[in-house]
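Contents: one structure, followed by commentary.
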Amino acid sequence: MIKIKEAIIVEGRYDRMRLTPIFDTAIIETGGFRVFKDDEKKTIIRRLAQARGIVILTDSDGAGFVIRNFLKGIISDNSQIKQAYIPDIKGKEKRKAQPSKQGLLGVEGMTDEIIVNAVLKSGVEVVGEEVKKIGGEITKTDFFTYGLTGGENSSVFRKSVLKKLGFPQYMTTNAMLSAINLIYGKEEFEEILKSVAD
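Using the numbering used here, you'd call the opening residue of the sequence shown number 6 and step up by one each time.
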């Protein structure tokens, strides 16, 4: 597996599943055009761009470029974005009955070599195993211990933390946990909690 600093943004779950054994990083799917109306997903993508940078890897068809341009538009600092492009290759994915509208293979249909080359050519930062988030993964039990769930004032505290992080106030607990684990290490997040509690 290739460990990279940046998170990779792809269109769908099959793309994410295709990249998961190749890259050791956060891989976020837009859900196709659903990202246009998904405020939680847009917030997570913006925060990932700020925290570690993102690589956009969409299909090479028209829809892929619409999504790519939309993502560029929601991130204020385009230096946080790297673009990875796959070539136009005719064909269809094995799981599909019909080829795409333009008859091209998508990300999920590419070979490992093509995917790796596309991502590396975008200028990503390959990192060694020594680069780890300090303190490990945050769990639901940690959320309870921190007072973010299960307590009398948990929802008020959770909203204060969401505000401090710049996340939507209506974000679900599971979405919040997932976003925090993508962006922060445990020790860093605990420091944020202390600053909110003070």
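Each residue gets a CB set at the ideal place from its N, CA and C atoms; glycine is no exception.
C-beta atoms of T35 and I72 nearer than 8 Å: Against the sequence shown, residue 35 aligns to sequence position 30. Against the sequence shown, residue 72 aligns to sequence position 67. With contacts defined as CB atoms closer than 8 Å, T35 and I72 qualify as a contacting pair.
Mind checking E11: buried by the 16 CB within 10 Å criterion, or exposed? As a working note, residue 11 is residue 6 in the sequence shown. Flag for E11 reads buried.
Hey, would you say I59 sits closer than 8 Å to P92, going by beta carbons? Within the sequence shown, numbered from 1, the residue matching residue 59 stands at position 54. Within the sequence shown, numbered from 1, the residue matching residue 92 stands at position 87. Using a Cβ distance threshold of 8 Å, I59 and P92 do not count as a contacting pair.
Please list the terminal residues of the continuous alpha helix (DSSP H) segment that includes I50. Taking the first residue of the sequence shown as 1, we reach residue 50 at position 45. Per DSSP, I50 belongs to the alpha helix (DSSP H) from D44 to A56.
Buried/exposed call for E192, threshold 16 Cβ in 10 Å: Within the sequence shown, the letter at position 187 stands for residue 192. When all chains shown are included, E192 counts as exposed.
Residues that DSSP places opposite V40 in a beta bridge: Within the sequence shown, numbered from 1, the residue matching residue 40 stands at position 35. DSSP lists no partner for V40.
Locate the beta strand (DSSP E) running through K87, then write down its first and last residues. Stepping through the sequence shown from its first residue, residue 87 is reached at position 82. Residues I86 to A89.
Any heavy atom of the ligand NAP closer than 7 Å to the beta-carbon of K47? This structure does not include the ligand NAP; it has no bound ligands of any sort.
Report yes if the C-beta distance between I33 and I9 is below 8 Å; otherwise report no. One-based indexing of the sequence shown puts residue 33 at position 28. One-based indexing of the sequence shown puts residue 9 at position 4. Between I33 and I9, the CB-CB gap reaches or exceeds 8 Å.
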